[in-house]
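Colleague:
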Amino acid sequence: MDKKSKVNRAPLAIIILLIVVCVVAGMLAFPKIRAALSNKAPTDTTSAASAVITTLEKSRAYQYDNMEIMKLTIEYPEVTLTNNPDAAQRINEQIELQVGAHTKSADELYQEAIEAYDDLQKEGFPFHPWEAYLKFQVTYNAHGLLSLYIDRYVYQGGAHGNTLRSSATW
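153 is the number that the numbering used here gives the last residue of the sequence shown; the numbers go up by one with no jumps.
1) Starting from residue 75, follow the alpha helix (DSSP H) in both directions and report where the run begins and ends.
2) Name the DSSP bridge partner or partners of residue 193?
3) What number of angstroms, rounded off, separates the C-alpha of residue 84 from the C-alpha of residue 50?
4) Could you have a look at residue 45 and say whether DSSP puts it in helix, strand or coil?
5) Is it right to say residue 117 is buried, meaning 16 or more other beta carbons lie within 10 angstroms of its own, or is it exposed?
6) Is the distance from the Cβ of residue 112 to the Cβ of residue 53 below 8 Å?
7) Taking the beta strand (DSSP E) that residue 120 belongs to, which residues open and close that run?
8) By the DSSP assignment, the beta strand (DSSP E) with residue 142 in it spans what residues?
9) How would you call residue 68, buried or exposed, if buried means at least 16 neighbouring beta carbons within 10 angstroms?
10) Here's a check: name, in chain order, each residue in its chain whose Cβ is nearer than 6 Å to the Cβ of residue 96, leaving out the five neighbours to either side.
11) Taking the beta carbon of residue 30 as the centre, do at least 16 other beta carbons fall within 10 Å, making it buried, or is it exposed?
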């Protein structure tokens, strides 16, 4: 009886799978290769696909009883996208909403600082000036993506302030 040799197909399948994975990974990793294979022009991955970021600052010292009892500091980006001004406008509007909300919150906090100042003065205790701080930090700006985190810090005269960190990606 003639026995046919059996080929173990598992190693062959693994090798073929590895080749396919490498080809797909290479296509995803290299935009020019991906563009050549799809017959499209390569996507611009240089600075033209990045946003131009201008850091703006706002600050205000809140005075009461001839003393600065609170300080507001805001550092935020203004985004310019020459290839997509509408997107830049929407991003800037979102940032401005957060800046406006933090400013309004600081104005309300100032009223609380006045009350705390008056109470501490009556009791003979020292008053430590309060602070409200908002800072945007760009963490990624390439390939048409902009990502940043936002730190909100408030100090109300106690042992330490409180920080809240959030993020946004467009």
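Where is the CB? At the ideal position from N, CA and C, for every residue including glycine.
Modeller: Let me lay it out:
1) Within the sequence shown, the letter at position 92 stands for residue 75. Per DSSP, the unbroken alpha helix (DSSP H) holding residue 75 starts and ends at 68 to 106.
2) The chain is shown from -16 up to 153; residue 193 falls before or after that span and cannot be answered.
3) Locating residue 84 in the sequence shown gives position 101, counting from the first residue. Locating residue 50 in the sequence shown gives position 67, counting from the first residue. Those two C-alpha atoms are separated by around 25 Å.
4) As a first step, residue 45 is located in the sequence shown; it is residue number 62 there, counting from the start. Strand at residue 45.
5) The residue you call residue 117 lines up with position 134 of the sequence shown. The residue in question, residue 117, is buried, as its Cβ has 16 or more Cβ neighbours within 10 Å.
6) Position 129 of the sequence shown, counted from the first residue, corresponds to residue 112. Position 70 of the sequence shown, counted from the first residue, corresponds to residue 53. Going by C-beta atoms, residue 112 is nearer than 8 Å to residue 53.
7) In the sequence shown, counting from the first residue as 1, residue 120 sits at position 137. Here the beta strand (DSSP E) through residue 120 covers 113 to 125.
8) To locate residue 142, count along the sequence shown from 1; it is residue 159. Here residue 142 belongs to no beta strand (DSSP E), and DSSP marks it neither H nor E.
9) Sequence index remark: in the sequence shown, residue 68 carries index 85 (1-based). Taking every protein chain shown into account, the CB of residue 68 has fewer than 16 other CB atoms within 10 angstroms, so this residue is exposed.
10) Reading the sequence shown from its first residue, position 113 is the one you call residue 96. Hits under 6 Å: 52, 53, 113.
11) In the sequence shown, counting from the first residue as 1, residue 30 sits at position 47. Since pLDDT at residue 30 reaches only 48, below the 50 mark, its modelled position is unreliable, and no value is offered.
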